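Some notes on the structure that comes next.
In the working numbering, the protein residues as written are 4 to 218.
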């Protein structure tokens with residue numbers, strides 16, 4: 004598909020930590036961006052600096068429900084919507100599973116309808132508790148599907164599976180990115196993940212929490 008001179012990108016989870024930085028990058032590269040977020044873990048403060056930007060549009064919407072953009076010509080769909088912090092997905096197990104399943108189905112459907120490229124933000128958690136370090140792409144993981152963390156792991160594993168199904172069956176142009184530990188501006192210090200925990204403890208002069216024997 005030939006992309007337009009000013010590409011139009013949809014970013015789900017666009018008010019989240021990663022999604023908001025992606026929005027900034029796309030705008031800097033000349034895209035017009037439609038950010039969609041239901042704000043259960045995202046925050047409008049992450050995109051407040053974009054108020055008044057004519058190339059940016061924010062839609063408050065849960066992508067687990069149908070996405071209705073009938074008049075838009077869309078070139079790229081970036082599916083970044085999901086609770087990603089252990090604190091969040093343990094408190095929101097059903098929404099986490101729904102955005103991985105229904106949300107991915109709906110965003111893939113949008114990409115198919117618009118003949119757009121689709122990019123899925125996946126995670127290292129698809130490997131579960133891996134027995135191989137580092138993990139190669141042909142390693143399939145060691146996952147407990149019924150454990151408390153399984154809601155996030157399985158949501159992303161399903162998201163990858165349906166993404167590949169749309170690629171093989173409907174010929175949608177898809178990409179999957181398995182993102183590992185990220186940190187930076189707009190990330191909550193009390194996020195439940197290692198990097199912000201270490202940074203927060205260091206800034207407050209507390210000892211660093213090390214799980215296991217440190218080896």
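All residues carry an ideal CB built from backbone N, CA and C; glycine is no exception.
As the structure is a prediction and not an experimental result, all values here were calculated from the model.
Whether residue i touches residue j by CB criterion (8 angstroms)
{"i": "residue 80", "j": "residue 121", "result": "yes"}
{"i": "residue 156", "j": "residue 131", "result": "yes"}
{"i": "residue 83", "j": "residue 15", "result": "yes"}
{"i": "residue 39", "j": "residue 66", "result": "yes"}
{"i": "residue 93", "j": "residue 58", "result": "no"}
{"i": "residue 8", "j": "residue 49", "result": "no"}
{"i": "residue 154", "j": "residue 99", "result": "yes"}
{"i": "residue 169", "j": "residue 177", "result": "yes"}
Distance between residue j and residue i (C-alpha atoms, nearest Å)
{"i": "residue 136", "j": "residue 166", "result": "26 angstroms"}
{"i": "residue 110", "j": "residue 174", "result": "15 angstroms"}
{"i": "residue 101", "j": "residue 203", "result": "31 angstroms"}
{"i": "residue 222", "j": "residue 25", "result": "The question about residue 222 has no answer here: the residues shown for the chain are numbered 4 through 218."}
{"i": "residue 181", "j": "residue 196", "result": "16 angstroms"}
{"i": "residue 113", "j": "residue 210", "result": "47 angstroms"}
{"i": "residue 206", "j": "residue 139", "result": "35 angstroms"}
{"i": "residue 183", "j": "residue 119", "result": "26 angstroms"}
{"i": "residue 151", "j": "residue 97", "result": "12 angstroms"}
{"i": "residue 32", "j": "residue 149", "result": "42 angstroms"}
{"i": "residue 37", "j": "residue 208", "result": "41 angstroms"}
{"i": "residue 51", "j": "residue 190", "result": "15 angstroms"}
{"i": "residue 115", "j": "residue 72", "result": "13 angstroms"}
Chain-order list of residues whose beta-carbon lies under 7 angstroms from that of residue i (same chain, five-residue window excluded)
{"i": "residue 200", "result": "212"}
{"i": "residue 46", "result": "18"}
{"i": "residue 63", "result": "40, 41 and 42"}
{"i": "residue 69", "result": "109"}
{"i": "residue 198", "result": "184 and 186"}
Spatial neighbours of residue i in its chain, beta-carbon cut-off 8 angstroms, leaving aside the 5 residues before and after
{"i": "residue 44", "result": "19, 86, 87, 88, 91 and 95"}
{"i": "residue 159", "result": "85, 103, 125, 126, 128 and 129"}
{"i": "residue 133", "result": "142, 144 and 145"}
{"i": "residue 163", "result": "123, 125, 129 and 179"}
Residue span of the alpha helix (DSSP H) that contains residue i, given as start and end
{"i": "residue 107", "result": "107-117"}
{"i": "residue 99", "result": "96-101"}
{"i": "residue 204", "result": "197-206"}
{"i": "residue 165", "result": "153-173"}
{"i": "residue 21", "result": "20-31"}
For residue i, the first and last residue of its enclosing beta strand (DSSP E)
{"i": "residue 40", "result": "35-40"}
{"i": "residue 52", "result": "First-last for residue 52: undefined, no H or E at that position."}
{"i": "residue 127", "result": "Here residue 127 belongs to no beta strand (DSSP E), and DSSP marks it neither H nor E."}
{"i": "residue 186", "result": "Note, residue 186: premise wrong, no beta strand (DSSP E); not H, not E."}
{"i": "residue 79", "result": "79-82"}
{"i": "residue 177", "result": "177-182"}
{"i": "residue 63", "result": "59-63"}
Cβ shell of residue i (< 6 angstroms), same chain only, five flanking positions each side left out
{"i": "residue 106", "result": "66, 67 and 84"}
{"i": "residue 53", "result": "59"}
{"i": "residue 117", "result": "77"}
{"i": "residue 4", "result": "Unreliable positioning characterises residue 4 in this predicted model, as indicated by a pLDDT of 45, which lies under 50. A coordinate reading is not provided."}
{"i": "residue 194", "result": "88"}
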